[in-house]
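Student: Got a structure here, written out as structure tokens. Questions coming.
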Amino acid sequence: MLHDLWRFRDLLLLLVRREIRVRYARTILGVLWSLVLPVAMMLFFTLLNFSRLVPASSDFAAVPYPVFAYCGLLPWAHFSTTLTQGAASLANARDLLRKSAFPLEVIPLSRLLALLLDLAVGSAFLVLLLLWHGIPFGAALLCLPLVLLLQVAFTAGVLLVLSASNVFFRDVAFLVQVGVMLAMFVTSVLYPAPSMVSHPWLAALLDWNPMSSFIDAYREAVLLGRWPSLALPSAPGPTLLPGLLAAALSLLGGGWLFRRLSPRIAEEV
Amino acid sequence: MPAAPSIEFREVRKSFRMRNRGDSLRDALPRLLRRLAGGPAAPAARFTALDGVSFAVSPGEVLGVVGANGAGKSTTLRLVAGVYRPDGGEVIVRGRVAALIELSAGFHPDLSGRENIYLNGALLGMRRREMEALEGAIVAFAGIGEHIDAPVRTYSSGMVVRLGFAVAAHVPADILLVDEVLSVGDIEFRQQCLERMTRRRQEGTAILFVSHNLKVMEQFCDRVLVVRGGKVLVDGEPRRSLAAYREQVASMGSLRAVRETAAPQIRKGTGEVVIEGVLVDGGEGTAPGAAPKGGTLRVGGRLRPTAPVPSPLVAVSIHSSQGVLCTRATVDAAAAGFWDPAEGGTFTAEFPGLSLHPGAYEVSVLAFAANAVLPYDHHQQLYPLEVQGDAASIEDGLVDLPVRWGGSPGA
Chain V
1 MLHDLWRFRD LLLLLVRREI RVRYARTILG VLWSLVLPVA MMLFFTLLNF
51 SRLVPASSDF AAVPYPVFAY CGLLPWAHFS TTLTQGAASL ANARDLLRKS
101 AFPLEVIPLS RLLALLLDLA VGSAFLVLLL LWHGIPFGAA LLCLPLVLLL
151 QVAFTAGVLL VLSASNVFFR DVAFLVQVGV MLAMFVTSVL YPAPSMVSHP
201 WLAALLDWNP MSSFIDAYRE AVLLGRWPSL ALPSAPGPTL LPGLLAAALS
251 LLGGGWLFRR LSPRIAEEV
Chain D
1 MPAAPSIEFR EVRKSFRMRN RGDSLRDALP RLLRRLAGGP AAPAARFTAL
51 DGVSFAVSPG EVLGVVGANG AGKSTTLRLV AGVYRPDGGE VIVRGRVAAL
101 IELSAGFHPD LSGRENIYLN GALLGMRRRE MEALEGAIVA FAGIGEHIDA
151 PVRTYSSGMV VRLGFAVAAH VPADILLVDE VLSVGDIEFR QQCLERMTRR
201 RQEGTAILFV SHNLKVMEQF CDRVLVVRGG KVLVDGEPRR SLAAYREQVA
251 SMGSLRAVRE TAAPQIRKGT GEVVIEGVLV DGGEGTAPGA APKGGTLRVG
301 GRLRPTAPVP SPLVAVSIHS SQGVLCTRAT VDAAAAGFWD PAEGGTFTAE
351 FPGLSLHPGA YEVSVLAFAA NAVLPYDHHQ QLYPLEVQGD AASIEDGLVD
401 LPVRWGGSPG A
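Chains V and D, in that order, give the protein sequences. FYI, the numbering for the first sequence is 1 to 269, going by my numbering. FYI, the numbering for the second sequence is 1 to 411, going by my numbering.
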């Protein structure tokens, strides 16, 4: 699979460039549109006083809530947009699939990679926010590329499963819309999610949410200057363990399933 | 020892799941639950596209494929391209495949023609650098001028085909698949395509070529494969294969059998009036589909309405084997007195003193409404006509106009 993808790397790059060009073509704001949703949500939830949902015992209680929220909304936007837009990507690429044989992974993956541009633009805005609030930049920021890599790997695996299964059942794309929206509320996007539930089992389950694990790691590194650990989630402090396990599982499982389904994709699409 | 074939099909079988069953989770979940509970698997409705097809194409060889719509031509091309995998048998492809399957496919409408050249090349696994070296030749071949930098959505279908063929025919490949380019372009472009393919064949590219233009097939192919209902009917020398194909088409009497196998989206016509039982007859003493020069040619058939429609116009056309329209006669069925709104009617077009030169022609029959976009039914160039005459004649051209010679000797 990797060998195939490498041979077709120019195709992947071309599709990424195509995605970027076509998405914001004929708009006035252009790529700045990618900022609108996370910034609007940041302002909106700040106005709604969501800061109350950050427990006073949390180290983040002292951090300005807009920055806290934006740190979660930004990586979440990449995850959710990739899945909602990418789930139907294969089903919509019928013309391309039936023309010649190439590794079909490039179609959903090009969507994921193109959306990294949005993430970059959003990160530039985050830098402005940090400067504005006088939050210092620490050495722990060096872990961000690694965390991002894990998040991309996790997202890629999930995306491969969803986009391939959507070819067989078009219901999948709709389920994804619903699922992603609900998932935000059990992830530490706007508040530390496990602290929201009193049931101990549920809280323990939420501790293993890989997206929370990524978001916590970003937050701790950016806002508190702390490095993530690989401890069990029950231990105090941010841990990348759930994210690391989920990324490996998702990429291997998703890649395997995609390879199994891909011979049938062109004829079912 | 001759080189190994570029393409080899061994008893290849391919079938497809019929649409509209189990396409949503609502259908699939109960089925899955039943199976988990140990119930029998529901037999999936399948459509057999290829049923034990074997053939081989050597490097530098051109294999033509003819058959009615739905006979399995496109499935064959997609199997060679690696888009589909066979259910049974073996497909062996040696080398890189460049394909022009489905005319417009593979182009992104919002990108310019030039950008699409790169996209198309990348789809074939070409590197950017390799495509840069080919870009000039491809642009020149497509011959669409400054449109090359305009988005493809602004192109006419002819321009799309030009560009598509230009890319497929220029990327270095051991196997070239060409599906029906010749039906879209003008004569000049057709000639250009044939020249290009001739060159590729001399370079040792194996070419698999699908067309409805039988004359070109006969001239250009080394061998022709006739497929019908997913099976190979004939695989041999073009003249022999095409004769068998023409015979097969003619023997159907009516073209309904052919058309019923065709997928609805490629079937021509709305079917509100169906043409049946078409006969091309040259009078006593001639075989069906043959008429003597100067004799009387009759083209007859039956019109059957399947929906309440106003009286259709009926047209009978004769094309030369090169695809040039020789004549078209049109009449309003009611005005000509052979139309009943409920029953339809039978018609005959009589061409007395047939003034066509001896040779092969194709007859079309068309039923249509005066202002409609889609005809009711169109049997396009489907009935072979052989005009018989003195083979040693030195007359030439399409038609035999009455001529009176004059002149005088001396200066």
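The C-beta atom is built at its ideal place from N, Cα and C for all residues, glycine as well.
In whole angstroms, give me the CA-to-CA distance for residue 283/D and residue 188/D.
Tutor: Translated into the one-based positions of the second sequence, residue 283/D becomes position 283. Translated into the one-based positions of the second sequence, residue 188/D becomes position 188. Roughly 38 Å between the two C-alpha positions.
Student: Below 8 Å, how does it come out for the segment 155-165 of chain D and the segment 122-136 of chain D: are there three or more Cβ pairs, yes or no?
Tutor: Flag = no, the segment 155-165 of chain D and the segment 122-136 of chain D do not touch.
Student: For residue 421/D, which of helix, strand or coil comes out of DSSP?
Tutor: The structure shown has nothing for residue 421/D, since chain D only spans 1 to 411.
Student: Ends of the beta strand (DSSP E) at residue 14/D?
Tutor: The sequence position of residue 14/D within the second sequence is 14, counting from 1. That run of the beta strand (DSSP E) goes 7-17.
Student: How many angstroms separate the CA atom of residue 139/D from the CA atom of residue 210/D?
Tutor: What you label residue 139/D is simply residue 139 of the second sequence in a count that begins at 1. What you label residue 210/D is simply residue 210 of the second sequence in a count that begins at 1. For residue 139/D and residue 210/D, the distance between alpha carbons rounds to 24 Å.
Student: Is the CB of residue 13/D under 8 Å away from at least one CB in chain V?
Tutor: By one-based count along the second sequence, residue 13/D stands at place 13. Residue 13/D does not count as touching chain V.
Student: Given that residue 88/V touches chain D, what residues does it touch there, using C-beta distances under 8 Å?
Tutor: Locating residue 88/V in the first sequence gives position 88, where the first residue counts as 1. Those do not exist, as residue 88/V stays about 15 Å from chain D at its closest Cβ, beyond 8 Å.
Student: Could you name the residues of chain V that residue 110/D contacts, counting a contact when the two beta carbons are closer than 7 Å?
Tutor: Translated into the one-based positions of the second sequence, residue 110/D becomes position 110. Neighbours of residue 110/D on chain V, chain order: 22, 25.
Student: According to DSSP, residue 299/D sits in a beta bridge with which residue or residues?
Tutor: The sequence position of residue 299/D within the second sequence is 299, counting from 1. Note: residue 299/D sits in a beta bridge opposite 280/D, 349/D.
Student: Using a cut-off of 9 Å between C-beta atoms, extract the partners of residue 192/V located in chain D.
Tutor: Your numbering for residue 192/V matches position 192 in the first sequence. What residue 192/V touches in chain D: nothing, since even the nearest Cβ is about 34 Å away.
Student: Out of 319/D, 332/D, 353/D, 228/D, which has the shortest C-alpha to C-alpha gap to residue 48/D?
Tutor: Walking along the second sequence from the start, residue 48/D turns up at place 48. The shortest Cα separation from residue 48/D among 319/D, 332/D, 353/D, 228/D belongs to 228/D.
Student: Taking 8 Å as the threshold (beta carbon to beta carbon), is residue 335/D in contact with chain V?
Tutor: For this step, residue 335/D is matched to residue 335 along the second sequence. So, not an interface residue.
Student: Give the residues of chain D in contact with residue 266/V, contact being defined as C-beta atoms less than 8 Å apart.
Tutor: Looking up residue 266/V in the first sequence gives position 266. 78, 83, 84, listed in chain order.
Student: At a Cβ threshold of 8 Å, is residue 100/V touching chain D?
Tutor: Along the first sequence, read from residue 1 onward, the residue named residue 100/V stands at position 100. So yes, residue 100/V belongs to the interface.
Student: Does the beta-carbon of residue 164/V have 16 or more other beta-carbons within 10 angstroms, so that it is buried, or is it exposed?
Tutor: As a position in the first sequence, residue 164/V is number 164, starting the count at 1. Result: buried.
Student: Does DSSP put residue 84/D in a helix, in a strand, or in coil?
Tutor: Position 84 of the second sequence holds residue 84/D. Coil, per DSSP.
Student: For residue 127/D, go through chain V and note every residue whose CB falls closer than 7 Å to its CB, in chain order.
Tutor: By 1-based counting over the second sequence, the position of residue 127/D is 127. Ordered by position in chain V, the residues that pass the 7 Å Cβ test against residue 127/D are 10.
Student: Checking contacts by CB at 8 Å: is residue 101/D closer than that to chain C?
Tutor: The structure shown has no chain C; the protein chains it does contain are V and D.
Student: Answer yes if the segment 116-133 of chain V comes into contact with the segment 88-96 of chain V, meaning at least three C-beta pairs across the two stretches below 8 Å, and no otherwise.
Tutor: As far as the Cβ criterion goes, the segment 88-96 of chain V does not touch the segment 116-133 of chain V, which means the pair count is below three.
Student: Between the alpha carbons of residue 79/V and residue 109/V, how many angstroms are there, rounded?
Tutor: In the first sequence, counting from the first residue as 1, residue 79/V sits at position 79. In the first sequence, counting from the first residue as 1, residue 109/V sits at position 109. About 13 Å.
Student: Report the residue from 342/D, 311/D, 224/D whose alpha carbon sits nearest the alpha carbon of residue 370/D.
Tutor: Sequence index remark: in the second sequence, residue 370/D carries index 370 (1-based). Here the closest residue by C-alpha is 311/D.
Student: In the structure shown, what three-state DSSP assignment does residue 3/D receive?
Tutor: As a first step, residue 3/D must be located in the second sequence, where it is residue number 3. Note: residue 3/D maps to coil in three-state DSSP.
Student: What number of angstroms, rounded off, separates the C-alpha of residue 259/V from the C-alpha of residue 75/V?
Tutor: Here residue 259/V is taken as the residue at index 259 of the first sequence, counted from 1. Here residue 75/V is taken as the residue at index 75 of the first sequence, counted from 1. Cα-Cα distance, rounded: 28 Å.
Student: Across which residues does DSSP place residue 318/D in a beta bridge pair?
Tutor: Working through the second sequence from its first residue, we reach residue 318/D at position 318. Paired residue(s): 327/D, 363/D.
Student: Does residue 226/V come out as helix, strand or coil in the three-state DSSP assignment?
Tutor: One-based indexing of the first sequence puts residue 226/V at position 226. The answer is coil: DSSP assigns residue 226/V none of H, G, I, E or B.
Student: For the alpha helix (DSSP H) that contains residue 99/D, what are its first and last residues?
Tutor: Against the second sequence, residue 99/D aligns to sequence position 99. Note, residue 99/D: premise wrong, no alpha helix (DSSP H); beta strand (DSSP E) at 97-100.
Student: Does DSSP classify residue 235/V as helix, strand or coil?
Tutor: Sequence index remark: in the first sequence, residue 235/V carries index 235 (1-based). Coil.
Student: For residue 426/D and residue 383/D, which I take to be in contact (beta-carbon distance under 8 Å), what is that distance rounded to the nearest angstrom?
Tutor: Because chain D here runs from 1 to 411, residue 426/D falls outside it and cannot be looked at.
Student: Please state whether the Cβ-Cβ distance between residue 80/D and residue 93/D is less than 8 Å.
Tutor: As a position in the second sequence, residue 80/D is number 80, starting the count at 1. As a position in the second sequence, residue 93/D is number 93, starting the count at 1. Yes, they are a contact pair.
Student: Going by C-alpha distance, which of 86/V, 102/V, 191/V, 29/V is nearest residue 56/V?
Tutor: Translated into positions along the first sequence, residue 56/V becomes position 56. Here the closest residue by C-alpha is 191/V.
Student: Along chain V, which residues have their Cβ under 8 Å away from the Cβ of residue 106/D?
Tutor: As a working mapping, residue 106/D is identified with position 106 in the second sequence. Result: 95, 96, 99, 100.
Student: Using only the alpha-carbon positions, how far apart do residue 32/D and residue 236/D sit?
Tutor: Translated into positions along the second sequence, residue 32/D becomes position 32. Translated into positions along the second sequence, residue 236/D becomes position 236. If you take the alpha carbons of residue 32/D and residue 236/D, they lie about 48 Å apart.
Student: Roughly how many whole angstroms lie between the Cα atoms of residue 355/D and residue 292/D?
Tutor: Taking the first residue of the second sequence as 1, we reach residue 355/D at position 355. Taking the first residue of the second sequence as 1, we reach residue 292/D at position 292. Taking the straight line joining both Cα atoms gives about 10 Å.
Student: Any C-beta of chain D sitting closer than 8 Å to the C-beta of residue 256/V?
Tutor: Taking the first sequence and counting its residues from 1, one reaches residue 256/V at position 256. Not an interface residue.
Student: Do you know offhand how far residue 21/V's Cα is from residue 39/V's?
Tutor: Your numbering for residue 21/V matches position 21 in the first sequence. Your numbering for residue 39/V matches position 39 in the first sequence. Cα-Cα distance, rounded: 23 Å.
Student: Within the continuous alpha helix (DSSP H) that includes residue 135/V, where are the two ends?
Tutor: On the first sequence, residue 135/V is found 135 positions in, with the first residue counted as 1. That residue, residue 135/V, is in no alpha helix (DSSP H); it is neither H nor E in DSSP.
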